[in-house]
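Visitor: Residue numbers (the working numbering), protein chains in the order written: chain A, 1 to 145; chain B, 146 to 325.
Cβ atoms here follow ideal geometry from the backbone N, Cα and C, with glycine treated the same way.
Below is the structure I would like to discuss, written out as structure tokens.
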Amino acid sequence: MSDPYALIDWHEVVAGTELPELVIDVTASVIVAGAIATRDFMPVHHDREYAIAQGSSDIFMNILSDAGFCGRYLTDWAGYEARVTKLAIRLGVPVFPGAVLTYRGRVTAVARDGDTGRIEVAFDASTELGEHLSGTATLDVPVAG
Amino acid sequence: MTAPDPFQDLVGRPVGRDAPSVAPDPVNQPMIRHWTVAFEDRNPVYTDPEVAAGSRFGGIVAPPFMLQAWTMPTPTISGLRERGGAPVAGDGESLISVLDDAGYIATLATGSEYEIVRYVRLGELLSSRTVLESISAEKSTRVGTGRFVTWLTTYRDASGEVVGRQRFSILKFKPGGAIR
Numbered sequence: 001m002s003d004p005y006a007l008i009d010w011h012e013v014v015a016g017t018e019l020p021e022l023v024i025d026v027t028a029s030v031i032v033a034g035a036i037a038t039r040d041f042m043p044v045h046h047d048r049e050y051a052i053a054q055g056s057s058d059i060f061m062n063i064l065s066d067a068g069f070c071g072r073y074l075t076d077w078a079g080y081e082a083r084v085t086k087l088a089i090r091l092g093v094p095v096f097p098g099a100v101l102t103y104r105g106r107v108t109a110v111a112r113d114g115d116t117g118r119i120e121v122a123f124d125a126s127t128e129l130g131e132h133l134s135g136t137a138t139l140d141v142p143v144a145g
Numbered sequence: 146m147t148a149p150d151p152f153q154d155l156v157g158r159p160v161g162r163d164a165p166s167v168a169p170d171p172v173n174q175p176m177i178r179h180w181t182v183a184f185e186d187r188n189p190v191y192t193d194p195e196v197a198a199g200s201r202f203g204g205i206v207a208p209p210f211m212l213q214a215w216t217m218p219t220p221t222i223s224g225l226r227e228r229g230g231a232p233v234a235g236d237g238e239s240l241i242s243v244l245d246d247a248g249y250i251a252t253l254a255t256g257s258e259y260e261i262v263r264y265v266r267l268g269e270l271l272s273s274r275t276v277l278e279s280i281s282a283e284k285s286t287r288v289g290t291g292r293f294v295t296w297l298t299t300y301r302d303a304s305g306e307v308v309g310r311q312r313f314s315i316l317k318f319k320p321g322g323a324i325r
């Protein structure tokens, strides 16, 4: 069986190459685990009563968790030798327990500097409520030949 | 003539005390593992010493976006609700205290941008320094009236070299609308 984290072949990547979708079944456990693992103790991410008092309908995912999932989304595709050098995300609708969060993206530019390849990606993550985030990222990968 | 916005005086100033904020713990495997579990990120360079040693990284590295987490202030759980979610009691002089006192007591993150200069390794003690980059005029939003605030944080290693930068944007607001 092939290694799921094998390095992507830079030579095969072109502008327009689509990344595989990442689908996250968001439960309260996902939201709370992410908040605490990112050391973010804001109650809106783990205390339902507090979140409702602030005007929300439930606890919601924190932005540090978004960065965690973005990192995973990128290296799940590019492999463990990939190095993420830039990430920019803008938030839209919140992610509540029960949401199905789907990441979709594509390569927007490819470049090479000696034995380092650079790949730029644009992506978004949406739930049934709408777009949760849109973003861009840059990775560098070793290139041979 | 409209009165000058007092918050604009804070632009460019450090957030909190004017000193780097040192991470409470060095980069460590248990916290990395905790992160990888939360996001089901099985990238082996974060947790498999053998694979990591054979990779371009030469050893275990922390997921790049843990940079913010390493220097998050250690919270006091008692009184968390009463402080409106602030990890520790404010000293009344920080930007957040100033915004809270003006009634902008609720927070919503709106964006985050990272530049990763290099990945960090086990045992590294990181520090961060944050300055206020911008604060908007008061805006009326779906969730209430508030101000958009952007901070610029520089993360450094123990020798003072920059390992990453982050631009973090939030809305500080007076609750009154609905986060839908």
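Looking only at its own chain, which residues have a Cβ that is under 7 Å from the Cβ of A303/B, when we skip the five neighbours before and after it?
Guide: E269 and L270
Visitor: Quick one: give me the first and last residue of the beta strand (DSSP E) that E258/B is part of.
Guide: Element bounds for E258/B: A251 to I261.
Visitor: Here's a check: name, in chain order, each residue in its chain whose Cβ is nearer than 6 Å to the Cβ of L297/B, leaving out the five neighbours to either side.
Guide: The residues are V276, E278 and R312.
Visitor: Does G71/A come out as helix, strand or coil in the three-state DSSP assignment?
Guide: Reduced to three states, the DSSP call for G71/A is helix.
Visitor: If contacts are defined as beta-carbon pairs under 8 Å, then A231/B and I241/B qualify, I think. What distance do you get, rounded to the angstrom?
Guide: Contact check for A231/B and I241/B: beta-carbon distance about 7 Å, within the 8 Å limit, so the pair qualifies.
Visitor: Could you pull the DSSP bridge partners for P142/A from this structure?
Guide: T116/A
Visitor: So, for R118/A: in the same chain, excluding its five sequence neighbours on each side, which residues have a beta-carbon less than 6 Å away from its beta-carbon?
Guide: Within its own chain, the residues whose Cβ lies closer than 6 Å to the Cβ of R118/A, once the five positions on either side in sequence are excluded, are A111 and D140, listed in chain order.
Visitor: Helix, strand or coil, according to DSSP, for V294/B in the structure here?
Guide: Of the three classes helix, strand and coil, the one that applies to V294/B here is strand, per DSSP.
Visitor: Taking S304/B as the query, report the chain A residues whose CB atoms sit under 7 Å from its CB, ordered along the chain.
Guide: The premise fails here: S304/B is roughly 21 Å from chain A at the closest Cβ pair, so nothing lies under 7 Å.
Visitor: Among the residues of its own chain, which have a CB less than 7 Å from the CB of G79/A, if the five just before and after it don't count?
Guide: Closer than 7 Å at the Cβ level, and outside the excluded window around G79/A, lie Y5, A6, L7 and I8.
Visitor: With H, G and I counted as helix, E and B as strand and the rest as coil, what does DSSP make of R325/B?
Guide: At R325/B, the pLDDT of 49 sits below 50, so the modelled position is not reliable and the matter cannot be decided from this model.
Visitor: Do the segment 201-216 of chain B and the segment 258-268 of chain B touch if we need at least three Cβ pairs shorter than 8 Å?
Guide: yes
Visitor: Nearest CA to the CA of Q213/B: which residue from S239/B, I205/B and S166/B?
Guide: S166/B
Visitor: Taking 7 Å as the cut-off, does the CB of G16/A come closer than this to any heavy atom belonging to the ligand FMN?
Guide: The ligand FMN is not part of the structure shown, which contains no ligands of any sort.
Visitor: For Y50/A, does the three-state DSSP call read helix, strand or coil?
Guide: helix
Visitor: Going along chain B in order, which residues have a C-beta closer than 7 Å to the C-beta of E81/A?
Guide: S200 and R201
Visitor: Going straight from the alpha carbon of E386/B to that of G105/A, what length do you get?
Guide: Any question about residue 386/B goes unanswered here, given that chain B covers just 146 to 325.
Visitor: What residue does the beta strand (DSSP E) around I89/A start on, and which one ends it?
Guide: R83 to L91
Visitor: By DSSP, does A303/B sit in helix, in strand, or in coil?
Guide: coil
Visitor: Comparing the C-beta of V307/B with each C-beta of chain A, is any distance below 8 Å?
Guide: For V307/B, no Cβ of chain A is located within less than 8 Å of the residue's own Cβ.
Visitor: By the DSSP assignment, the alpha helix (DSSP H) with I31/A in it spans what residues?
Guide: A28 to A37 is the span of the alpha helix (DSSP H), which, as asked, contains I31/A.
Visitor: Which residues mark the beginning and the end of the alpha helix (DSSP H) in which E195/B is found?
Guide: Run containing E195/B: P194 to G199, per the alpha helix (DSSP H) assignment.
Visitor: Could you tell me which chain A residues have their CB closer than 7 Å to the CB of S257/B, listed as they occur along the chain?
Guide: I63, A67 and I89
Visitor: Within 8 Å of any Cβ in chain A, is that where the Cβ of Q174/B sits?
Guide: no
Visitor: What in chain B is Cβ-close to V23/A, meaning under 9 Å?
Guide: Residues of chain B passing the Cβ test: none, with the nearest at roughly 12 Å.
Visitor: Please go through the same chain and pick out, in chain order, the residues whose beta-carbon is closer than 6 Å to the beta-carbon of P43/A, but skip the five residues on each side of it.
Guide: Y50
Visitor: Considering only the alpha carbon of each residue, which of R83/A, L129/A and F123/A lies closest to T116/A?
Guide: R83/A
Visitor: Using a beta-carbon distance below 8 Å, is G230/B in contact with chain A?
Guide: yes
Visitor: Within 8 Å (strictly less), CB to CB, does P20/A reach chain B?
Guide: Answer no: the Cβ-Cβ gap between P20/A and chain B never drops below 8 Å.
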